[in-house]
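Data first, discussion second: the structure below is written as C-alpha cells.
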Amino acid sequence: MTIVQKLAFKQLWLNKKRSLITVIGVVISVAMITGVITLGLSFVNLLQRQVIANEGEWHFSYSNVNAAQLEAIEQDQNQKEILISQDEGYAVFEGSTNPDRPYFLVRNYNKAAFETFPIHLKEGRLPEQSNELLMSDSISNQDAFSYKIGDTIELELGQRVPSDDSSRTLTQEDAYVNYEGVTEELKIEKSVAYTIVGTMETPFFENSWNPGYVFLSYKDESMITGNQETDAYIVMDHLDQSSPDYIEGFAETHGIGAVGSHGNLLRYYGILSQDRTRNMLITLSAIVIVIIVIGSVSLIYNAFAISVSERSRQLGMLSSIGATKRQKRNVVFIEGVLIGAVSIPVGIAVGYAGIALTFLIFNSLIKQAIDTTESLHVVFSPWTILIALLISIGTLFLSTYIPAKKASETTAIEAIRQTRMIKLSNKAVRTPKLIRKIAGIEGELASKNIRRNRSGYRAIIFSLSISVILFLTISYFATSLTKSNELLEQGVNYDIVATLEQRGKDPISPELYSKLTGLDEIDQVAAVSWISGTSWIEEDKIAEELVGYGQLEDGKYPYGLTIYGLDNKTMKSYAAANDVAYESMTNTEDTLMIVQQTIQYLTEDGEENIVETKALNAEVNDEIVPEFYDLDTDSNFNLPALKIAALADTSPIGISNTVSLGMLNVFVSEDVFNALIDNEQVEGDLVERAVYYQSDQAQLLENKLEDIQKDSGDTSFSIYNRQRAKQRGEQIILLGYVFSNAFVILITLICIATIFNTISTSISLRKREFAMLRSMGMTPKSFTKMIQLESIFYGLKALAYGLPLSFLMIYIIYRVWRTRFQFAFEIPWVAMVIAIISVFVIVGLSMIYSSHKIKKDTIIDGLKEENI
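Dropping the structure here:
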C-alpha cells in the first residue's frame, strides 16, 4: 500500500460519520439504479411470458406455402422449429342455431404446433393420426352435438366462397357472409371419417364471431405434398434486429408471397424498434436514472468538496514536503474508489433484494391490476450489473473530479494562508438592512454565513428543491390517477353487464331470460334493448349550450337519438319513480316515452370537471319523431311519433347519465319497443340487447353467468364485470402510489444525507468562528436564534426555487392528462403544506443536531481548533 493510499484510507477512517453517510448515499443510489433497470427488465419479461402463454412462442410466419417451399424452410439453418397449421376445410354444422356460425372447421397441426401453441387438453389425448380429432368446448357444449370421445364422425369438407367473387376463398377470419344480397357457398371437396380422441378448452384463436366451430387434427410435414398449401410458423434459432429483413429476403428468394411476424412478442424482445410500450419503459427508466444520478452527484461531490476544503492545510503541507499534483489528486480519487468498492456491490445486492421483496409482497396485486396469469420474476442480467457499475463509477468519477482537481492545484502558501477558501468581497456578503431590522444581528450573521459558504449553500438548496419538486409532482400525478379513474366511473350505475353478441329483432328466449334474471346474487336487474337513430328538434327546445352551435335545417337541430326498451319490471319501477302510470307506457297505439332530460357532460375547456344540464327544453306531451336510415333504398324513414310522458332526472340501471351534448336517451316499454322495430324497414342488425346487474357479490355473480354462458348454446353473450374493472383501476392507482412514493422516499433519503452531511460539516468547520462570537459576548440564546434563522433562510430559499418549478411540472402533467381527461386544474394545497413543513423540519433538525455538540465546547477549545 502506497503512502497516498494509506493517507486516503486514514482520512476516511478519521471522518467515519461523513464517510458512512456518503457510503449510505451511494448504496441507495446504486440500489435504485439496479432496481429501476431490473424492474423494467422484469416487467418486459412478464409481458413476454404472458404473450407466450396466450399465443405461443413463435417468431415469424409464411402463409400458403407449398411442399417445395416447406422443404426449403426446413433446410434453412436459421430456423429452429416449424409449426404447421393447415385448414383442412369446413363442414356444415346441421344443428347450429347460431346463424353466424353454421360450420365446423377442421384445422391440422403438427407435433411442434400442438406443443407450442397454448392448447389446453381437458379430456382424452391429442391427435396423433390424420384421421383423429380434438374437439373444442365450443362444440361439446352444443346441445345439437351428441358425439363423444371414441365416436366416429364423417364430415363433408369444403371451402367457403362468396357469391360475388367465386375466385376468392374465405378463411376463419372472414365472418359469415350474408348482407346486401351477397351470400356464401360451401363447395364440398371430400368426405373424411374422423375419430374423436379428446376435448380441449376453446382455443385462443377461436372467437365468437368466427363462422366455424373448431376441430384440431394432425398432419406433419411429410404429409404436405404437391400443390397442397399450409401456413408455417417459424421459431428462429437466433433472433436479432436483422431477423425481419432475413425473413423477407428468404420469402422473396423462394417465391413465398405472404410473410407475417408475431408482433405482440417481437416488440417485447426489442426486435420491433417502433414499439411504444418498450420505448416508454426505456424513456421512463432513463429519466428516473438521470434523476438518481443528479441526486447522487450532489451528495458525493459535496462530501468530497467539503473534505478537500477542510483539509486545505493538510494538502498544503503535502505540497511543502514534495507531493506532486498527481499524488494530491489521487488522494481524493482513491477515497472515491474505496467508497465505491464498498458501496457498489452492496448497492447492487440491495437493489436486487429490494425488487425481489417488492414482487413477493405485491405480485398478486400486480397480477390482478394488469390482468395477467403470469407472475413477475426478478430477472438477473449481466447487463444490469454492468450498466449499474458503469453508471455508479461514472457518478463517483464526476463527483470526485472537481474536488480532486482543486486538491492538486493547492499550493503550500495558499493552503497556509487559506486564500483559496475565502475569496469574498464586501458586495458578496452584503445583506439587506431589512434583515437586521427584522431579525437583529443574529439574522444578519446568519445571512452572511450562508452567502460566504456558497458551495455548501448551493448543495443544500439544490437537495431541498429536488425533494420538494419530486414530492409535489409525484403527489399530483397520483391525485390525477385517482381523478381519471373517478371520471371513467362517472355516471355508471351497474356492476355487471351481459351483452348479447347476436343482433336481431327476436327477443331473448324466455328460458335464457329466466336464467339470466333469476340468480340469487342479483340485487337489481334490467333487460334492455336499444336502437339508435336521429331526431330533428326545434331550435327553441334544444339545450342552451347548443344554441348557435352547428347548422340548423328548417329551424331544427339533428339530435342523436337512442330508444331504449325496458323489460316490464324495470319499466314499472321507472314509470312509478317518474309519476307515470305503467299501463299507459304499454299502449302500442298511443306510444309514450320517458325522456332523460337531466344529463351530465364533460367540458372541453378544463374549467369544470362535469357540468349538469338539460338535454333539451321540452315539455310533457311534446312529440319526438325517430328517423332512421334504410340501406336498401338509400333514404331516411320515420317511425311513429313518441309522446313525452315524463322528463326524468335519473336513468334506469345500465344507462349512464353522462351524455354528450346533442344526444338524447328515451325509454319505452318492451311492448312499445317491439312494435317500433316490427317495421320492415328497420334492420335487425340495428337492434342491440343487454342485461345489466347491480350486485354486492359481483364476482360470484360473474362466475354463475359464465356457467350459463357455457350452456347458452345458440345465444352467445359476453360478460363485463365493471366492478372488477373498477377494482383493477384502484389497484393500478395503489401500485402507482407505492412505486412512486418509494422512489420519492429513496431520492429524498439521498437529499437528506446531502443536507445532513453539508450542514454538520459546515457547523464543524465553524467552531473557531462560533468561539470568537461567544468570546465577544454572544449568549446561548442569541447563538440558538442565529442557527434557527440560518435554517429558515435555507428553507425559504429552497422553497423559492422548488415551489415555482413544482407548479410548472404539475401544470405540464395536468396538460398531459387533459388530452384524455377533462378536469379542473387544482393546486395540491395539502401536499404543498406538507412539503413546506418537511423542508423546515429537515433543515432544522440537521442544524440542531450539528450545533448541539459545539455548545459543549469551551471558548478556548474552539479558538484552538485547527482543520488539519
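Just so we're aligned, residue 1 is where the sequence shown starts under this note's numbering, counting upward by one. Backbone N, C-alpha and C define an ideal beta-carbon position, used for all residues, glycine too.
Can you list, in chain order, the residues of its chain with a C-beta nearer than 6 Å to that of S19? Leave out the 5 residues immediately preceding and following it. L12
Taking contact to mean 3 or more Cβ pairs, one atom from each stretch, closer than 8 Å, check whether the region 78-89 and the region 398-410 are in contact. no
Output the residue ranges of the alpha helix (DSSP H) runs that lie fully inside the region 125-183 and measure 4 residues or longer, sorted by chain position. 137-140
According to the Cβ coordinates, are S134 and Y194 closer than 8 Å? Reading the sequence as shown, one finds Leu at residue 134 and not Ser. Their beta carbons are not under 8 Å apart, which means L134 does not touch Y194 by this criterion.
Endpoints, the beta strand (DSSP E) within which F682 is located: The question names Phe, yet the displayed sequence has Val at residue 682. Premise fails: V682 is in no beta strand (DSSP E) and is neither H nor E.
If contacts are defined as beta-carbon pairs under 8 Å, then G260 and S61 qualify, I think. What distance do you get, rounded to the angstrom? 4 Å
On the DSSP bridge list, what partners appear for N665? T562
Under the three-state DSSP convention, the category E409 falls into: helix
What residue from F673, E545, I677 and N638 has the CA that sits closest to N617's CA? E545
Using DSSP with H/G/I as helix, E/B as strand and the rest coil, what is I119? coil
Alpha carbon of L470 to alpha carbon of I21, nearest angstrom: 22 Å
By DSSP, does W13 sit in helix, in strand, or in coil? helix
Kindly list the residues whose CB is nearer than 6 Å to the CB of T586, restricted to its own chain and excluding five residues on each side of it in sequence; keep chain order. S669 and D671
Tell me whether R18 sits in a helix, a strand or coil according to DSSP, three-state version. helix
Considering only DSSP beta bridges, list what Y601 is partnered with. V611
Hey, is the region 31-41 in contact with the region 196-211, meaning 3+ C-beta pairs nearer than 8 Å? no
Taking only three categories from DSSP, how would you classify I496? strand
What is the DSSP secondary structure of Q709, reduced to helix, strand or coil? helix
Could you compute how far the alpha carbon of A113 sits from the alpha carbon of P828? 56 Å
What is the rounded straight-line gap between the Cα of Y574 and the Cα of Y811? 44 Å
When the Cα of G662 is compared with those of G560, D707 and Y601, which residue comes out closest? G560
Could you tell me the distance, in whole angstroms, from the CA atom of P162 to the CA atom of A67? 27 Å
From what residue to what residue does the beta strand (DSSP E) around D231 run? T230 to M236
Between the CA atoms of T395 and M32 - distance to the nearest angstrom: 13 Å
Identity of the residues DSSP links to M32 by a beta bridge: Its beta-bridge partners do not exist; DSSP assigns none.
Do I653 and Y513 have their beta-carbon atoms positioned less than 8 Å apart in this structure? no
Beta-carbon within less than 7 Å of A798's beta-carbon, same chain only, minus the 5 sequence neighbours each way: which residues are those? I461, L464, S465, V468 and V839
Output the boundary residues of the beta strand (DSSP E) element that contains Y582. Taken as a continuous stretch (DSSP letters only), Y582 belongs to no beta strand (DSSP E), being part of the alpha helix (DSSP H) at Y582 to M585.
Does DSSP classify G212 as helix, strand or coil? strand
Cutting at 7 Å between CB atoms, please list the residues of its own chain near F9, excluding the five before and the five after it. L338
Go ahead and pull the three-state DSSP assignment for W530. strand
Inter-residue CB distance, T230 and S85 (contact presumed, cutoff 8 Å): 7 Å
Select from L14, R168, F250 and V197 the residue whose C-alpha is nearest the C-alpha of T183. R168
Using only CA atoms, which one of A824, I234 and V331 lies nearest to A251? I234
DSSP three-state label for A353, please. helix
Is Y849 buried or exposed, if buried means 16 or more other CB atoms sit within 10 Å of its CB? exposed
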